[in-house]
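Line order of the protein sequences matches chains A and B. Take the first sequence: its position 367, counted from the start at 1, is 367 in my numbering, and no numbers get skipped. Take the second sequence: its position 68, counted from the start at 1, is 714 in my numbering, and no numbers get skipped. Remarks on the structure that follows.
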Amino acid sequence: MLLFTADGHAIPVVDPVGSGDAGGVFGLLWLVIALPLLGATILLLGGRRTDAWGHWLGTATAVGSFVLSLLVFIGMLGREEGERAVVQHLWDWVAVGDYTVGLDLLVDPLSVLFLLLITGVGSLIHVYSIGYMEHDPRRRRFFAYLNLFVAAMLMLVLSENYLGLFLGWEGVGLASYLLIGFWQHKPSAAAAAKKAFVINRVGDIGMSLALAMFFVTFGSASFTVISANASGASEGALTAIGFLLLLGACGKSAQVPLQAWLLDAMEGPTPVSALIHAATMVTAGVYLVVRSNFVFELAPAAQTAVVVVATVTLLWGAVIGCAKDDIKKALAGSTMSQIGYMMLAAGLGVYGYAFAIFHLITHGFFKANMFLGAGSVMHGMNDDVDMRRYGALRKAMPVTFATFAMGYLAIIGFPGFSGFWSKDKIIETALVENPIAGVCALLGAGVTGFYMTRLMLMTFFGEKRWKDDVHPHESPSLMTGPLVALAALSVLGGVLYLGHWITDWLSPVVGEIPEHELPVPAIVFSIVTVAVVAVGVAAAWFLVGKREIPTTPPSDVSFVTKAARADIYGDAINEGLVVEPGRRLTGALLTFDRTVVDGTFTTGASVTGGIGQGLRRVQTGYVRSYALSVLGGVLLVLVALAVVNL
Amino acid sequence: MNDITPYIVLSSILFTIGSVGVLTRRNAIVVFMCVELMLNACNLALVAFARQHGDLEGQVAAFFVMVVAAAEVVVGLAIIMTIFRTRRSASVDDASLLKY
């Protein structure tokens, strides 16, 4: 069944078969989530008794989940195209009258790709963390949180309705909070965790309101029901839902204006950054938009908003990445920018959904690779993150350098590497469908080339600028192993597009990509993109590579650099637009409460008290004066009686 | 035939003397006696009215007043005694500690 939009595009509705009909491995779908969840439970409840082997259990559950996902994927490959979406009903979750929401799991070509990415990259990060966190006394707890993170993300992508998705959504928020603030003894980490949590809650307002709108408009939160009835709903309602979903996606995926938490989130241990940026968390927003294609296709205004937000973010993140000296923050800026590319593709509708997911997967590979590589560098440099104190590390850490270089070539879109295929398609589609966004995306690619080259040059090339007590060394094989695997994936990720496999694979979910006229052959777009990237790389070579790099950041820089160093004043904007007015409002309310509300009562009480103080004086302690007042009272009563009787 | 006016007049005079005594005298014993005087003035009025109406209700009430007065004397004198022992004074104005 297809859903037709105003401009004639066709979107398939969600129409899964039951897992009873599917049988086999699809019946084990629940285990994919249950395994890491069980791992987290055992590790958290088991306490210190599990310290000795906790990290192995955590890794084993993640790997087990990956094996199951692989089996599901293979099972799906063997099925007819129309029967690849399978739903597994676990139990009735919410049952109010004839209104039920089931805890249903849906696996289809879209979510199975996410399963593989989350559990696959997640497992590699688990393995890496065994080495990275070896000397941390709370390693077992770290693995419990990692497992929780993976389980929540799996719930998010496997749920068949928005309520279950919201459960995973909140679980991801919780796990990210726990992990960003993992080194809670550092005030900056605690503050960063709180910041991520609060900004995510702002996005969650959008999600929960969208959920309420779904119930009101469709009487259901199920993808199946909503997609089947979407064409019957008013465009106003769908546009409202689209904007609310976009707000939620902005919070989770760190898109402007809710981007400020992502750079501070670097306070967490580096494997967490890799997990957040590659496999879990920030990809959730892209998943949400692609999954809700039946809403966005019917709400063109919301779709345009997605494009605008994405375009702003991809340039915003790229500019930040150019000026950061902290290696992790430079990579974080690049993530913002790359997620912007995915959102841009998702905002382009039927033309872009598949490419958004394609870029999401390749980005998952090379960004996890580079973050883990950055962690390896920090490991060798006594946890210093300042690239101005790096330099010439390619000899000291050959494996890290080689794997990082693969990620670098992938992200700038060097021809043949995974990022080339995915980003090139997004830029091409954007240029045809929305030239303004397309030009911005092309510019962003050039800036990407600049900041990534700068990062490479400052870290691995040039002169040694190490601090005196630093003796860089290669990391243990538990850490380099995952790096090699991810480097291979970064290089080879492009095979997913071999023979248009990924677009064909996703077409039962996101629709066939309509033919569009290319004004020039596709190869021209690729050449232009590569040329722009080459300009960026060359600029970095002349501005960074050929000059001496001072160990303290120079202060006589352009206003753009200053702005980028300050995250383009994202914090200042939040401070001025939200925090300060909020503080003023609460201050005013507090004053109102203290003066007017409290004042009314304290004045009343003090008046009553004052009268009491005065009346106390009547109690003189002299019996005779009491007797006199009794007499007076009697006389008064008598007079009153006399008056009444007369 | 039963003109009770003189009795009532006497009762009123006695009551007035009693109440003026309560208000003006400081000696606790005297005050106490004045209270008794007021009670007895009331008794006189009750009995006189009972006589006028020709029934016993007023007389019964007078008996009650006597009983209560007797009990009150017991308690009152005990209190006066105690105050005198502790403070060496029978003046009601001296016993003015219980106040604001």
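The C-beta atom is built at its ideal place from N, Cα and C for all residues, glycine as well. All values reported here derive from a predicted model rather than from experimental measurement.
Chain B contact for A/A642 (CB, 7 Å cutoff): Translated into the one-based positions of the first sequence, residue 642 of chain A becomes position 642. Not one chain B Cβ lies under 7 Å of A/A642.
Can you confirm whether A/Y620, when its beta carbon is compared against all beta carbons of chain B, has any partner nearer than 7 Å? Walking along the first sequence from the start, residue 620 of chain A turns up at place 620. Tyr is not the amino acid found at residue 620 of chain A; the sequence shown has Thr there. Chain B contact via Cβ: present.
What does a CB cutoff of less than 6 Å around A/L165 pick up in its chain, not counting 5 residues either side in sequence? Working through the first sequence from its first residue, we reach residue 165 of chain A at position 165. Closer than 6 Å at the Cβ level, and outside the excluded window around A/L165, lie L156, S159.
Spatial distance of A/L246 from A/N200 (CA atoms): Your numbering for residue 246 of chain A matches position 246 in the first sequence. Your numbering for residue 200 of chain A matches position 200 in the first sequence. Near 13 Å, if we compare the C-alpha coordinates of A/N200 and A/L246.
Verify whether the separation of the beta carbon atoms of A/L315 and A/G444 is less than 7 Å. Position 315 of the first sequence, counted from the first residue, corresponds to residue 315 of chain A. Position 444 of the first sequence, counted from the first residue, corresponds to residue 444 of chain A. Going by C-beta atoms, A/L315 is nearer than 7 Å to A/G444.
A/P12 in three-state terms, based on DSSP: Looking up residue 12 of chain A in the first sequence gives position 12. Note: A/P12 maps to strand in three-state DSSP.
Helix, strand or coil, according to DSSP, for A/V557 in the structure here? Mapped onto the first sequence, residue 557 of chain A falls at position 557. In the structure shown, A/V557 sits in coil (DSSP, three-state: anything other than H, G, I, E or B).
Would you mind giving the Cβ-Cβ distance between A/M479 and A/G122, rounded to the nearest angstrom? I have them listed as a contact below 8 Å. Locating residue 479 of chain A in the first sequence gives position 479, counting from the first residue. Locating residue 122 of chain A in the first sequence gives position 122, counting from the first residue. Their Cβ separation, rounded to whole angstroms, is 16 Å, which puts A/M479 and A/G122 out of contact at 8 Å.
Interface residues of chain A around B/V668 at Cβ under 8 Å? Along the second sequence, one-based indexing puts residue 668 of chain B at 22. Under the 8 Å cutoff, chain A gives R624, A627.
Please list, in chain order, all residues of the same chain as A/G446 whose beta carbon is under 7 Å from its beta carbon, the five residues on each side excluded. Position 446 of the first sequence, counted from the start, is the residue given in the question as residue 446 of chain A. Hits under 7 Å: V532, V533, V535, G536.
I want to check one thing, is the minimum distance from the CB of B/M679 to the heavy atoms of the ligand ATP below 6 Å? By its list of ligands, the structure shown contains no ligand whatsoever, and the ligand ATP lies outside what it can speak to.
Is A/T448 closer than 7 Å to A/I412 when the C-beta atoms are compared? The sequence position of residue 412 of chain A within the first sequence is 412, counting from 1. The sequence position of residue 448 of chain A within the first sequence is 448, counting from 1. The answer is yes: Cβ separation under 7 Å.
A/G78 by DSSP, collapsed to three states: which one? If you number the first sequence from 1, residue 78 of chain A lands on position 78. Reduced to three states, the DSSP call for A/G78 is coil.
Assuming A/L105 is part of the beta strand (DSSP E), what are its boundary residues? Along the first sequence, one-based indexing puts residue 105 of chain A at 105. Where A/L105 is concerned, the enclosing beta strand (DSSP E) stretches over 99-107.
Using three-state DSSP, classify A/W261 as helix, strand or coil. Position 261 of the first sequence, counting from 1, holds the residue named residue 261 of chain A. Three-state DSSP puts A/W261 in a helix.
Per DSSP, A/S65 is paired with what? For the purposes of this step, residue 65 of chain A is taken as residue 65 along the first sequence, with counting starting at 1. According to DSSP, which records beta bridges pairwise, A/S65 is partnered with nothing at all.
Quick check on the burial criterion: 16 or more other C-beta atoms within 10 angstroms. Buried or exposed for A/N382? For the purposes of this step, residue 382 of chain A is taken as the residue at position 382 of the first sequence. With fewer than 16 Cβ atoms within 10 Å of its Cβ, A/N382 is classed as exposed.
A/A284 to A/F355, Cα distance in whole Å? Locating residue 284 of chain A in the first sequence gives position 284, counting from the first residue. Locating residue 355 of chain A in the first sequence gives position 355, counting from the first residue. The straight-line gap from Cα to Cα measures roughly 16 Å.
Residues that DSSP places opposite A/W501 in a beta bridge: Indexing the first sequence from 1 puts residue 501 of chain A at position 501. Per DSSP, none; premise fails for A/W501.
How long is the line joining the alpha carbons of A/F214 and A/S292, rounded to whole angstroms? Working through the first sequence from its first residue, we reach residue 214 of chain A at position 214. Working through the first sequence from its first residue, we reach residue 292 of chain A at position 292. Looking at the two C-alpha atoms, the distance is approximately 12 Å.
Beta carbon of A/G268 nearer than 7 Å to that of A/F182: As a position in the first sequence, residue 268 of chain A is number 268, starting the count at 1. As a position in the first sequence, residue 182 of chain A is number 182, starting the count at 1. Against a cut-off of 7 Å, the Cβ pair of A/F182 and A/G268 comes out as a contact.
Grab the span of the beta strand (DSSP E) containing A/H89 for me, first residue to last. On the first sequence, position 89 is the one that residue 89 of chain A refers to. Residues 86-96.
With C-beta atoms as the reference, is A/Q619 less than 7 Å away from B/Y746? Counting from 1 along the first sequence, the entry for residue 619 of chain A is found at position 619. Counting from 1 along the second sequence, the entry for residue 746 of chain B is found at position 100. Cβ atoms of A/Q619 and B/Y746: closer than 7 Å.
Restricting to Cα atoms, I'd like to know which of A/F66, A/G347, A/F366, A/D108 is closest to A/L77. For this step, residue 77 of chain A is matched to residue 77 along the first sequence. Among A/F66, A/G347, A/F366, A/D108, the Cα nearest to that of A/L77 is on A/D108.
Say whether chain B places a C-beta atom closer than 7 Å to the C-beta of A/R584. Counting from 1 along the first sequence, the entry for residue 584 of chain A is found at position 584. No, its Cβ sits nowhere closer than 7 Å to a Cβ of chain B.
Exposed or buried, what is B/I659 when buried is set at 16 or more other beta-carbons lying within 10 Å of its beta-carbon? For this step, residue 659 of chain B is matched to residue 13 along the second sequence. When all chains shown are included, B/I659 counts as exposed.
B/N747 (DSSP reduced to helix, strand or coil): Nothing can be reported for residue 747 of chain B, as the shown portion of chain B is limited to 647 through 746.
Note down, in chain order, each residue of its chain lying with its Cβ closer than 8 Å to the Cβ of A/H277, except the 5 sequence neighbours on either side. One-based indexing of the first sequence puts residue 277 of chain A at position 277. Cβ within range, chain order: L331, A332, T335, K367, A368, F371.
Any beta carbon from chain A within less than 7 Å of B/L744's own beta carbon? For this step, residue 744 of chain B is matched to residue 98 along the second sequence. At least one chain A Cβ lies under 7 Å of B/L744.
Shortest alpha-carbon distance to A/G647 belongs to which of A/Y128, A/S234, A/F73, A/L636? Missing from the structure shown is residue 647 of chain A; chain A here goes from 1 to 646 and no further.
Using DSSP with H/G/I as helix, E/B as strand and the rest coil, what is B/S737? Working through the second sequence from its first residue, we reach residue 737 of chain B at position 91. Three-state result, B/S737: strand.
Can you pull the DSSP bridge partners for A/S222? Numbered from 1 along the first sequence, position 222 holds the residue referred to as residue 222 of chain A. Looking at the DSSP assignment, A/S222 forms a beta bridge with A/N161.
Name the DSSP bridge partner or partners of A/G18? What you label residue 18 of chain A is simply residue 18 of the first sequence in a count that begins at 1. Answer is A/V87.
To which residues of the same chain is A/T119 closer than 6 Å at the C-beta, ignoring the five residues directly before and after it? The residue given as residue 119 of chain A occupies position 119 in the first sequence. For A/T119, where only same-chain residues beyond five positions count, the Cβ hits under 6 Å are S65, F66, S69.
For B/M647, does the three-state DSSP call read helix, strand or coil? Here the question's residue 647 of chain B lines up with position 1 in the second sequence. Here B/M647 scores only 47 on pLDDT, less than 50, and its place in the model should not be relied on; the value that follows carries that caveat. It is coil, neither helix nor strand.
Give me the Cα-Cα distance between A/V557 and A/A52, rounded to the nearest whole angstrom. As a working mapping, residue 557 of chain A is identified with position 557 in the first sequence. As a working mapping, residue 52 of chain A is identified with position 52 in the first sequence. Approximately 51 Å between the Cα atoms of the pair.
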